[in-house]
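S.K.: Quick note: the sequence shown, position 88, residue 93 per the numbering used here, numbers continuous.
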Amino acid sequence: MTNRAAIRWCLKGSGNPPVIQYMLLDSKLDYLIYPKECIVYDVKDTVYQVIEDIESHSLNTPLEIYYKSINEGYGRHRRDSGQFHRFLKKLLNRKNLLKANHRLAFVLKKEQLKLFKDALYFLDIDSKSRGNAFIVYLWMIALKATRSRVTHVIKQIWKARLSIHRMNKMHEKMFEEFYSLIHHNK
Numbered sequence: 006m007t008n009r010a011a012i013r014w015c016l017k018g019s020g021n022p023p024v025i026q027y028m029l030l031d032s033k034l035d036y037l038i039y040p041k042e043c044i045v046y047d048v049k050d051t052v053y054q055v056i057e058d059i060e061s062h063s064l065n066t067p068l069e070i071y072y073k074s075i076n077e078g079y080g081r082h083r084r085d086s087g088q089f090h091r092f093l094k095k096l097l098n099r100k101n102l103l104k105a106n107h108r109l110a111f112v113l114k115k116e117q118l119k120l121f122k123d124a125l126y127f128l129d130i131d132s133k134s135r136g137n138a139f140i141v142y143l144w145m146i147a148l149k150a151t152r153s154r155v156t157h158v159i160k161q162i163w164k165a166r167l168s169i170h171r172m173n174k175m176h177e178k179m180f181e182e183f184y185s186l187i188h189h190n191k
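1. Can you tell me the Cβ-Cβ gap for L68 and T7, rounded? I've got them flagged as a contact below 8 Å.
2. Note the first and the last residue of the continuous alpha helix (DSSP H) segment covering Y53.
3. Can you give the Cα-Cα distance for S132 and K100, rounded to whole angstroms?
4. Going by DSSP, what residue range makes up the alpha helix (DSSP H) through A138?
5. Out of S74, S63, E181, point me to the one whose CA is closest to V112's CA.
6. Counting pairs of Cβ atoms below 8 Å between the region 115–128 and the region 81–97, do you hit three or more?
7. How would you call Q54, buried or exposed, if buried means at least 16 neighbouring beta carbons within 10 angstroms?
8. Confirm the yes/no value for this check: CB of D131, any heavy atom of the ligand FAD, distance under 7 Å.
9. Closer than 6 Å by C-beta to I140: which residues in its own chain qualify, once you throw out the five before and the five after it? Chain order, please.
10. How would you call L167, buried or exposed, if buried means at least 16 neighbouring beta carbons within 10 angstroms?
11. How about P23 and V45: do their beta carbons lie closer than 8 Å?
12. Would you say Y27 and A11 are within 8 Å of each other, going by their C-beta atoms?
13. In terms of residue numbering, what span does the alpha helix (DSSP H) encompassing R99 cover?
14. In chain order, what residues of the same chain lie with their CB nearer than 6 Å to the CB of V158, ignoring the 5 residues before and after it?
15. Given R9, which residues of its chain have a CB within under 7 Å of its CB, disregarding the five upstream and five downstream residues?
16. How many angstroms separate the CA atom of Q88 from the CA atom of V155?
17. For G80, which residues in the same chain have their Cβ closer than 6 Å to its Cβ, ignoring the five residues on either side in sequence?
18. So what's I70 in DSSP terms, helix, strand or just coil?
19. How should A124 be labelled, buried or exposed, when 16 other C-beta atoms within 10 angstroms of its C-beta is the threshold for buried?
20. Taking the alpha helix (DSSP H) that A165 belongs to, which residues open and close that run?
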């Protein structure tokens with residue numbers, strides 16, 4: 006029973022300060038921290054505040070932090086992107102929260118992204134309202150939704166929303182119907 010946090014570094018165009026987007030989910034995939042966005046003026050202070058907020062809401066429950074950042078080689082044109090990546094890794098390592106494979110390297114694209122967005126929408130996770138598009142990416146990061154895992158992750162969210170612990174044949178059939186609904190909705 007662990008809580009899952011997702012942290013995303015997001016650039017808002019040249020001349021605009023970047024933002025850090027984050028959320029915290031409990032083991033049943035309910036929000037402990039609803040998706041938030043905070044403007045970054047000072048990388049270190051903002052990262053400390055985000056980690057502190059996540060830890061304070063996690064209480065004594067074990068915590069896993071997943072994140073998406075621009076790695077140093079790609080982020081050379083923006084010094085703050087590299088700073089965020091290095092500082093977050095250092096802070097997570099110091100707090101013993103840095104684990105292998107907790108950084109999402111690639112986000113979903115095109116059809117898989119649409120499928121994931123539709124699944125979240127049909128599972129009552131508001132990601133289509135104006136200003137809420139970033140929520141899709143936070144869910145993607147928190148559950149490591151990669152190209153090879155997207156169906157598994159959708160099933161994981163579906164099971165949590167319906168409070169299913171063990172799948173039986175009836176549940177499998179219900180999931181197949183749900184999946185075909187979102188898959189044909191493209």
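Think of the CB as a built atom: it goes at the ideal place given N, C-alpha and C, for glycine as much as any other residue. Note that the structure is a prediction, hence the values are computed from the model and not measured.
M.R.: A quick look at the data gives this:
1. In the sequence shown, residue 68 corresponds to position 63, counting from 1. In the sequence shown, residue 7 corresponds to position 2, counting from 1. Rounded, the Cβ-Cβ distance is 6 Å, consistent with contact.
2. Working through the sequence shown from its first residue, we reach residue 53 at position 48. Counting along the chain, the alpha helix (DSSP H) containing Y53 begins and ends at 48–63.
3. The count along the sequence shown starts at 1 and reaches residue 132 at position 127. The count along the sequence shown starts at 1 and reaches residue 100 at position 95. Taking the straight line joining both Cα atoms gives about 31 Å.
4. If you number the sequence shown from 1, residue 138 lands on position 133. Element bounds for A138: n/a, residue is neither H nor E.
5. Indexing the sequence shown from 1 puts residue 112 at position 107. The candidate whose alpha carbon is nearest that of V112 is S74.
6. no
7. As a working mapping, residue 54 is identified with position 49 in the sequence shown. That one is exposed.
8. Absence of the ligand FAD is noted for the structure shown, with no ligands found whatsoever.
9. For the purposes of this step, residue 140 is taken as residue 135 along the sequence shown, with counting starting at 1. Around I140: P40, S132.
10. As a working note, residue 167 is residue 162 in the sequence shown. It counts as exposed.
11. Your numbering for residue 23 matches position 18 in the sequence shown. Your numbering for residue 45 matches position 40 in the sequence shown. Going by C-beta atoms, P23 is nearer than 8 Å to V45.
12. For the purposes of this step, residue 27 is taken as the residue at position 22 of the sequence shown. For the purposes of this step, residue 11 is taken as the residue at position 6 of the sequence shown. Taking 8 Å as the Cβ cut-off, Y27 and A11 qualify as a contacting pair.
13. The count along the sequence shown starts at 1 and reaches residue 99 at position 94. Where R99 is concerned, the enclosing alpha helix (DSSP H) stretches over 84–99.
14. By 1-based counting over the sequence shown, the position of residue 158 is 153. So the list reads L148, A150, once near-sequence residues are dropped.
15. Taking the sequence shown and counting its residues from 1, one reaches residue 9 at position 4. L30, E69, Y71, A147, listed in sequence order.
16. Within the sequence shown, numbered from 1, the residue matching residue 88 stands at position 83. Within the sequence shown, numbered from 1, the residue matching residue 155 stands at position 150. So the two alpha carbons sit approximately 30 Å from each other.
17. Counted from its first residue, the sequence shown places residue 80 at position 75. Because G80 sits at a pLDDT of 48, beneath the cut-off of 50, its placement in the model cannot be relied upon, and the point is left open.
18. As a first step, residue 70 must be located in the sequence shown, where it is residue number 65. Shown here, I70 sits in a strand according to DSSP, grouped into three states.
19. Mapped onto the sequence shown, residue 124 falls at position 119. A124 should be labelled buried.
20. Taking the sequence shown and counting its residues from 1, the one referred to as residue 165 is at position 160. Per DSSP, A165 is one residue of the alpha helix (DSSP H) stretching across 155–166.
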